[in-house]
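Trainee:
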Amino acid sequence: MQYPERHLLAIEGLHPPAIAQLLDLAESYVLLNRSGKTQRDLLRGKTLINLFFEDSTRTRTSFELAGKRLGADVINMSVSTSSVNKGETLLDTAATLNAMQCDLLVVRHDQSGAPNLLAQKVDAAVINAGDGTHEHPTQALLDALTIRRRKGRLEGLTVAICGDIGHSRVARSNIHLLTTMGSRVRVIGPPTLIPAEADRLGVDIFHDMRAGLAGADIVMMLRLQRERMTRSLVPSAREFFRFWGLDAEKLAFAKPDALVMHPGPMNRGVEIDSAVADDPARSVIKEQVEMGVAVRMAVLDVLSRTPSRGRNER
Ligand code: ASP
Ligand code: CP
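Next comes the structure, spelled out in structure tokens:
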């Protein structure tokens, strides 16, 4: 089975074999990375451009590392010092980069759907590195890889995703991936942070943290995405932590071997207590970051095998 798409824009719509193919390939890149070797001939002569209109530490760096480990020429375009500040539009910016014959365009944008729009306009393979509240597909893949390596499967697991579900593209991509792969997903948070559409996503909704965590295999915490809130949706940070923050007392309701995850960046003391986040027996947060590089190598690998639209015609 070959990954069927020219781009990676979303998890929604991907079938289990395509997801499994990406995870299996990423697994082999975990081993390669741990061995200290690289595979620089794979993307030799290809150009990858990181185009980030929103802040990032993990995603941008790991796409850069992934591209370099596979031999691509990697350009990090600094949007804050680019001609975007002189009024150039997203589409004109992309068309400009496209004219430089870029092969892989990694895009993060605050508008949901921006990568989809670009994918219709450029020859390069477009990878969504997070668009508004829509999706963050490589995050869900790296989360799934982390879970699968630790638990040996995705099927039949109970995964609790907690906190600001409404503004989280991480939650949305994870819900699509995990339900597609046979996990049971619960979302936990105050009603103001659970989107109305949650009902239709095949998840169970909890407003009580202890009830929602009961018997969970995986506890995934999310940051309050204040940059996307147009009004106050939560009480003070202290109160939020009291009701929705993960500490040892609340974690005790999950299974004794439940894993604690967080996509990062964390706001310690708001959605997660440091003692839990840093507990090596429970937290796999650093492992998620390691898996991020392997997953992005797998995605670049697979997409570079699919011919780009214009490349054949040029
Ligand atoms: N880094 C993730 C994202 O960009 C989660 C977050 O920022 O809270 O969606
Ligand atoms: N998890 C994640 O996307 O992190 P960054 O925002 O730092 O890239």
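Take 108 as the starting number for the sequence shown in our numbering and just add one per residue. No residue lacks a Cβ here, since even glycine has one placed at the ideal position from N, Cα and C. All values reported here derive from a predicted model rather than from experimental measurement.
(1) Would the beta-carbon of residue 116 fall within 8 Å of that of residue 153?
(2) Where does residue 303 land, buried or exposed, given buried means 16+ other C-beta within 10 angstroms?
(3) Just how far apart, CA to CA, sit residue 336 and residue 143?
(4) Which of helix, strand or coil does DSSP assign to residue 158?
(5) Name the DSSP beta bridge partners of residue 163, please?
(6) Please classify residue 368 as buried or exposed, where buried requires at least 16 other C-beta atoms within 10 Å of its C-beta.
(7) Specify the secondary structure class of residue 262 as computed by DSSP and reduced to three states.
(8) Give the range of the beta strand (DSSP E) segment to which residue 313 is assigned.
(9) Return helix, strand or coil for residue 383, following the three-state DSSP convention.
(10) Less than 8 Å separating the beta-carbons of residue 312 and residue 305?
(11) For residue 222, count neighbouring Cβ atoms within 10 angstroms of its own Cβ and tell me buried if that reaches 16, exposed if not.
(12) Unbroken beta strand (DSSP E) runs of length 3 or more, entirely within the region 156-219: which are they?
(13) Where in the region 122-150 do unbroken runs of the alpha helix (DSSP H), each at least 4 residues long, occur, reported from the N-terminal end onward?
(14) For the ligand CP, I want to know if residue 237 counts as a neighbour, meaning its beta carbon is within less than 7 Å of at least one of the ligand's heavy atoms.
(15) Using only alpha-carbon positions, find the residue among 272, 261, 274 and 317 that is nearest to residue 291.
(16) Are the Cβ atoms of residue 378 and residue 345 separated by less than 8 Å?
(17) Which runs of the alpha helix (DSSP H) fall wholly inside the region 239-297 and span at least 4 residues, in chain order?
(18) Do you know offhand how far residue 394's Cα is from residue 282's?
(19) Please name the residue, chosen from 408, 161, 411 and 403, that lies closest to residue 249 on a Cα-to-Cα basis.
(20) Go ahead and label residue 299 buried or exposed: buried means 16 or more other beta carbons lie within 10 angstroms of its beta carbon, across all protein chains shown.
Mentor: Let's see:
(1) Here residue 116 is taken as the residue at index 9 of the sequence shown, counted from 1. Here residue 153 is taken as the residue at index 46 of the sequence shown, counted from 1. In this structure, residue 153 does not lie closer than 8 Å to residue 116 by Cβ.
(2) Working through the sequence shown from its first residue, we reach residue 303 at position 196. Exposed, by the Cβ-count rule.
(3) Taking the sequence shown and counting its residues from 1, one reaches residue 336 at position 229. Taking the sequence shown and counting its residues from 1, one reaches residue 143 at position 36. The straight-line gap from Cα to Cα measures roughly 42 Å.
(4) On the sequence shown, residue 158 is found 51 positions in, with the first residue counted as 1. Residue state, collapsed to three classes: strand.
(5) Sequence index remark: in the sequence shown, residue 163 carries index 56 (1-based). Answer by DSSP bridge pairing: none, since residue 163 is not bridged.
(6) Indexing the sequence shown from 1 puts residue 368 at position 261. Buried.
(7) Along the sequence shown, one-based indexing puts residue 262 at 155. Reduced to three states, the DSSP call for residue 262 is coil.
(8) Position 206 of the sequence shown, counted from the start, is the residue given in the question as residue 313. It spans 311-313 - the beta strand (DSSP E) in which residue 313 sits, taken as one unbroken run.
(9) Within the sequence shown, the letter at position 276 stands for residue 383. Of the three classes helix, strand and coil, the one that applies to residue 383 here is helix, per DSSP.
(10) For the purposes of this step, residue 312 is identified with residue 205 of the sequence shown, where counting begins at 1. For the purposes of this step, residue 305 is identified with residue 198 of the sequence shown, where counting begins at 1. Cβ atoms of residue 312 and residue 305: closer than 8 Å.
(11) To locate residue 222, count along the sequence shown from 1; it is residue 115. Buried.
(12) 180-185 and 211-216
(13) 123-142
(14) Mapped onto the sequence shown, residue 237 falls at position 130. Yes, the beta carbon of residue 237 sits closer than 7 Å to at least one heavy atom of the ligand CP.
(15) Walking along the sequence shown from the start, residue 291 turns up at place 184. Residue 261 is the option with its Cα nearest to residue 291.
(16) For the purposes of this step, residue 378 is taken as residue 271 along the sequence shown, with counting starting at 1. For the purposes of this step, residue 345 is taken as residue 238 along the sequence shown, with counting starting at 1. It is not a contact, given that the beta carbons lie outside the stated cut-off.
(17) 244-258 and 276-287
(18) What you label residue 394 is simply residue 287 of the sequence shown in a count that begins at 1. What you label residue 282 is simply residue 175 of the sequence shown in a count that begins at 1. Their backbone Cα atoms lie some 20 Å apart in a straight line.
(19) Here residue 249 is taken as the residue at index 142 of the sequence shown, counted from 1. Taking only the C-alpha atoms, the option nearest residue 249 is 403.
(20) By 1-based counting over the sequence shown, the position of residue 299 is 192. With fewer than 16 Cβ atoms within 10 Å of its Cβ, residue 299 is classed as exposed.
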